[in-house]
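Enquirer: Can you keep this structure in mind? I'll have questions shortly.
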Amino acid sequence: MIEVAGLTVRFGGVTSLDGMDVTFDAGTCGLIGPNGAGKTTFFNVLSGFVRPASGTVSAFGENLLSMPHFRRARWGVRRTFQTEQAIEQLSVFDNVAMIHEHSKLSRSSRRQDTLGAIAIVGIQAEPSAPVQTLSAGERRLVEIARAIVGRPKIVLLDEPAAGLPDEETLDLGRVIRSIPEHTDAQVILVDHDMSLVSGCCERTAVLDFGRLITSGTTAEVLRDERVVRAYLGDEAAA
Amino acid sequence: MSTAQVSPEPPAPAKSPRSGSPFARDEMIRVGAIALGLLVIVILVPAIFSLYYVDALTQVVVYAIVALGLGVLVGRVGLVSLGQAAVLAIGAWVAARLLFGSGLPFELVLLISGLITMVIGTCVGLPALRLRGLYLALITLMLAGAITVALATLNFPNGGHGFSGYNGAFVHIPAIRRPGIATSDRAYFRYSIIVAALMFLVVLGHLRSKPGRAWAAIRQSESAALAAGINTTLYKLWAFALASFVTGVAGGVLAGAQQYLYSINFQTQDSITLLAVVLMGGAYSMWGAIVAGLLLELLPAILNNIGVSPDWLTILFGIGVLQVLTTAPRGIVEQFPRDMARLYRAITGAARRSSGRSATS
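Protein sequence lines correspond, in order, to chains A and B.
What the first sequence shows, in the numbering used here, is residues 22 to 259, in sequence order.
What the second sequence shows, in the numbering used here, is residues 680 to 1040, in sequence order.
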């Protein structure tokens, strides 16, 4: 569970997050909003790349903002990025094992946990295959395996379906839906593909211009007039 | 809240997924081939070549180690340092001072000069925590300039007393001593090859383990590395420490090879040429370091020998870097075999076509 209160982020004169208040319950939650709404900025605050001007973030009872950024990953904050970040020179196995290696987890479980995460996301390639030989879809799966290996507490997925063909997005949806079966982590999914979000998330929060405009069950939220207006403008909502 | 571990029954992989294991079976064959090659070089080169070329090849070995260290920084971590020639000078200075001032075994002197250089070189790397690219290159170049000036003022030890070990004498300067088992030039070449092999193994051990993977992550994206829990500050300094250590050891080998060291021989711009040859050789491969050493030290020796001024090399290196940047970002080590394979295919293809024509006619 993640509780966010009054979170404000400013870049010079631009207010990227404007007093965001939201609670993410256990399970997989969606976070949607038009481009520039502040979704990635929110992830960057959780990862420690951006220092907020004010506000608090409490995750599983810990004050997340007081932790140095690289320690957050060790504690259990994992994420994927909009741009591909699987390390090309390394094998699938090393890509995933590296996260385990830099966590506090025991070395003895590394191999099993790594192969377990690779199996969950269903990468067809050999674990010893270099990532540079993989397709875009499989690389995306490697990134998700990196995010779920070991004992993550928070898994942030930043537009994992961006640029993927429909078929691979369907597979990706199956993988994301299966994450809660294997870990108790709080998953937050940011994506513009509403069928992916509604298929994976029971609850969804909506950001617009750095403010939370609504949150609730995904079905309700997607019907909400304010959400339609935020995405499509006033004319479409009327 | 309880935390469940991600661990369903993993599928039995067909082969070990630990591609990073330094002792995988097919790797053993490669290691064996390289060891055999080294043995051949150690035995044959001093026997075949003249002293002139043996000395030049000892220099190649020294600069291959320096290029190896720079390759770690540039190729593996993505940190451009233009201060490595100055770091080499520090290694040479420390080794020379210890060799004149103590009776320590040569190997121990190499180790100590590596360690002292490591501490100083890591300080050179401190700006890397905040800077990258052009600005880091500029800062390291400035630091190299400062080190060069300091060493020129201090002078290299020549058997004198005091901290600097310099006595201002121009005659009867004692030579820097060499290890007892390698006093001749030919023996010292063999000795330097063994030291270089050890340095390559030290670097290989790093690249194949936790630091190597962390460096690969940092090179690709620093924020993604942070998000993976990598202490980027620690690993960037570690890279500078490793590069400086091997460069310091190379400095020690250089001191023994030249036996007389003069500050005029250590120029700030050497660092720039060094980066150029490392890029040409291939910064992403350890073989590239050997090619860089050959370009930097063997080519001028050959040109000198045939009466051509090695100054022409500056132009050649300029063209070479341009060529590499535009057509082969991974350097000669990758381009050369690829082009040779292409040439082979072209020749065999042409031969097949002509034999096909003669068969039909």
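Using N, Cα and C, we set each Cβ at its ideal position, and we do this for glycine too.
Does the distance from the CB of T12/A to the CB of P186/A come in under 8 Å?
Expert: The shown model of chain A, from 22 to 259, leaves out residue 12/A, and the question about it has no answer.
Enquirer: Counting pairs of beta carbons, one from the stretch 961-968 of chain B and one from the stretch 1009-1020 of chain B, are three or more of them closer than 8 Å?
Expert: Output reads yes: the stretch 1009-1020 of chain B touches the stretch 961-968 of chain B.
Enquirer: Mark L880/B as exposed unless 16 or more other C-beta atoms lie within 10 angstroms of its C-beta, in which case mark it buried.
Expert: L880/B is exposed by the Cβ-count criterion.
Enquirer: For D115/A, decide whether its Cβ has a neighbour in chain B, counting only Cβ atoms nearer than 8 Å.
Expert: Taking Cβ atoms only, chain B reaches closer than 8 Å to D115/A, which makes this a yes.
Enquirer: Just reading off the beta strand (DSSP E) that S871/B is part of, what are its end residues?
Expert: Element bounds for S871/B: not the beta strand (DSSP E) but the alpha helix (DSSP H), D864 to L886.
Enquirer: Please go through the same chain and pick out, in chain order, the residues whose beta-carbon is closer than 6 Å to the beta-carbon of A764/B, but skip the five residues on each side of it.
Expert: If we look at A764/B and ignore the five residues flanking it on each side, its Cβ neighbours are D949, S950 and L953.
Enquirer: Just curious, the beta strand (DSSP E) that T36/A is in, first and last residue?
Expert: Unbroken beta strand (DSSP E) run through T36/A: V35 to F45.
Enquirer: Run through the DSSP bridge pairs and tell me what C50/A is partnered with.
Expert: Looking at the DSSP assignment, C50/A forms a beta bridge with I209/A and R224/A.
Enquirer: When DSSP builds the beta bridges, which residues end up paired with N84/A?
Expert: N84/A pairs with S79/A.
Enquirer: Could you have a look at R232/A and say whether DSSP puts it in helix, strand or coil?
Expert: Three-state result, R232/A: strand.
Enquirer: Contact defined as beta carbons within less than 8 Å: I believe A980/B pairs with Y732/B. What is the distance between those atoms, to the nearest angstrom?
Expert: With 8 Å as the limit, A980/B and Y732/B qualify as a contact, their Cβ atoms being about 7 Å apart.
Enquirer: Roughly how many whole angstroms lie between the Cα atoms of G69/A and P89/A?
Expert: Approximately 7 Å between the Cα atoms of the pair.
Enquirer: Give, in chain order, every residue of the stretch 85-99 of chain A whose Cβ lies closer than 7 Å to some Cβ of chain B.
Expert: Correct list: H90, F91, A94 and R95.
Enquirer: Below 8 Å on C-beta distance, what does L905/B contact in chain C?
Expert: You won't find chain C in this structure, because its protein chains are A and B.
Enquirer: Looking at the structure shown, is T190/A part of a helix, part of a strand, or coil, going by DSSP?
Expert: In the structure shown, T190/A sits in a helix (DSSP, three-state: H, G or I).
Enquirer: Tell me, please, whether the CB atom of R892/B is closer than 8 Å to any CB atom in chain A?
Expert: So, interface residue.
Enquirer: Check for me: the alpha helix (DSSP H) holding V25/A runs from which residue to which?
Expert: Counting along the chain, V25/A falls outside any alpha helix (DSSP H), though it belongs to the beta strand (DSSP E) covering I23 to F32.
Enquirer: Run down chain A in chain order and give the residues with a C-beta less than 8 Å from the C-beta of T911/B.
Expert: F91, listed in chain order.
Enquirer: From the DSSP output, in three-state form, read off I769/B for me.
Expert: Helix, per DSSP.
Enquirer: Does the beta-carbon of L155/A, which I'm using as the reference point, lie nearer than 7 Å to any heavy atom of the ligand ATP?
Expert: In terms of ligand content, the structure shown is empty, and the ligand ATP therefore cannot be addressed.
Enquirer: Within the stretch 942-984 of chain B, note down every full alpha helix (DSSP H) run reaching 4 residues or more, in order along the chain.
Expert: Segments of the alpha helix (DSSP H) lying fully in the stretch 942-984 of chain B: 949-960, 965-972 and 978-984.
Enquirer: Going by other Cβ atoms of all chains shown within 10 Å of its Cβ, with 16 needed for buried, is M1019/B buried or exposed?
Expert: Exposed: under 16 other Cβ atoms inside 10 Å.
Enquirer: Taking 7 Å as the limit between beta carbons, can you name the residues of its chain near T135/A, skipping five residues before and five after?
Expert: So the list reads F114, V117, A118, H121 and V170, once near-sequence residues are dropped.
Enquirer: Are T737/B and F919/B closer than 8 Å when you measure CB to CB?
Expert: No. Outside cutoff.
Enquirer: Does the beta-carbon of K915/B have 16 or more other beta-carbons within 10 angstroms, so that it is buried, or is it exposed?
Expert: It counts as buried.
Enquirer: Using 8 Å as the Cβ pair cut-off and three pairs as the minimum, do the stretch 929-946 of chain B and the stretch 826-841 of chain B touch?
Expert: Because the criterion of three Cβ pairs below 8 Å is met, the stretch 929-946 of chain B and the stretch 826-841 of chain B touch.
Enquirer: Decide if T801/B is buried, meaning its Cβ has at least 16 other Cβ atoms within 10 Å, or exposed.
Expert: Answer is buried; the Cβ neighbour count reaches 16.
Enquirer: Does K915/B get closer than 8 Å to chain A when you measure Cβ to Cβ?
Expert: No, K915/B does not count as interfacial toward chain A.
Enquirer: Starting from T705/B, follow the alpha helix (DSSP H) in both directions and report where the run begins and ends.
Expert: In the sequence on display, residue 705/B carries Asp and not Thr. From DSSP, the alpha helix (DSSP H) with D705/B extends over R704 to I727.
Enquirer: On the criterion of 16 or more Cβ atoms from any shown chain inside 10 Å, does T819/B qualify as buried, or is it exposed?
Expert: The residue in question, T819/B, is buried, as its Cβ has 16 or more Cβ neighbours within 10 Å.
Enquirer: In this structure, how does DSSP classify I200/A when only helix, strand and coil are distinguished?
Expert: Three-state result, I200/A: helix.
Enquirer: So the beta strand (DSSP E) L178/A belongs to, where does it begin and stop?
Expert: First-last of the beta strand (DSSP E) with L178/A: I175 to D179.
Enquirer: If we count Cβ pairs, one from each stretch, closer than 8 Å, do we get three or more for the stretch 798-812 of chain B versus the stretch 920-937 of chain B?
Expert: Contact between the stretch 798-812 of chain B and the stretch 920-937 of chain B is present, because at least three Cβ pairs lie under 8 Å.
Enquirer: Exposed or buried, F849/B, counting other C-beta atoms within 10 Å across all chains shown (16 or more means buried)?
Expert: By the neighbour-count rule (16 or more Cβ atoms within 10 Å), F849/B is not buried but exposed.
Enquirer: Does the beta-carbon of N84/A have 16 or more other beta-carbons within 10 angstroms, so that it is buried, or is it exposed?
Expert: It is exposed - the Cβ of N84/A has fewer than 16 other Cβ atoms within 10 Å.
Enquirer: Going along chain B, which residues have a C-beta under 7 Å from F63/A?
Expert: None at all; the shortest Cβ gap to chain B is about 14 Å.
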